[in-house]
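Peer 1:
Numbering (the working numbering), first residue to last: 298 to 390.
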């Protein structure tokens, strides 16, 4: 599957999933923007602070809950790096 097909499939899943809240959609949107900006390289790295800022999340507890939900719902794989400059590795499924 090429990048555009994968993007289209991912967005179709996100927009049709009733289990997702607006916060989930905000994080997914921020992830998609980072993915596109990085030339559709999958996996890609992004820092928690970048993702929280782009998705308008203020609470780290909310951030971790949303990431855990997206992992459990099989939207992404996430490898935390614990290095703020390097960022965590995200694989959009």
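Even for Gly, the Cβ is constructed at its ideal location relative to N, Cα and C. Note that the structure is a prediction, hence the values are computed from the model and not measured.
Decide if the segment 341 to 357 is in contact with the segment 305 to 318; the criterion is three or more beta carbon pairs, one per stretch, under 8 Å apart.
Peer 2: With a cut-off of 8 Å, the segment 305 to 318 and the segment 341 to 357 do not count as touching, because too few Cβ pairs lie within range.
Peer 1: Residue 324 and residue 348 - do their beta-carbons sit closer together than 8 Å?
Peer 2: For this step, residue 348 is matched to residue 51 along the chain shown. For this step, residue 324 is matched to residue 27 along the chain shown. Yes, they are a contact pair.
Peer 1: Looking only at DSSP bridge pairs, what is residue 368 linked to?
Peer 2: Here residue 368 corresponds to residue number 71 of the chain shown, with the count starting at 1. Answer by DSSP bridge pairing: none, since residue 368 is not bridged.
Peer 1: Report yes if the C-beta distance between residue 368 and residue 332 is below 8 Å; otherwise report no.
Peer 2: The residue given as residue 368 occupies position 71 in the chain shown. The residue given as residue 332 occupies position 35 in the chain shown. No.
Peer 1: Mark residue 352 as exposed unless 16 or more other C-beta atoms lie within 10 angstroms of its C-beta, in which case mark it buried.
Peer 2: As a position in the chain shown, residue 352 is number 55, starting the count at 1. So residue 352 ends up on the buried side.
Peer 1: So residue 364 packs on residue 379, CB below 8 Å; how close in whole Å?
Peer 2: Here residue 364 refers to the residue found at position 67 when the chain shown is read from its first residue. Here residue 379 refers to the residue found at position 82 when the chain shown is read from its first residue. With a Cβ gap of about 14 Å, residue 364 and residue 379 do not count as contacting.
Peer 1: What separation, rounded to the nearest whole angstrom, lies between the Cα atoms of residue 300 and residue 358?
Peer 2: What you label residue 300 is simply residue 3 of the chain shown in a count that begins at 1. What you label residue 358 is simply residue 61 of the chain shown in a count that begins at 1. Cα to Cα, the separation comes out at about 31 Å.
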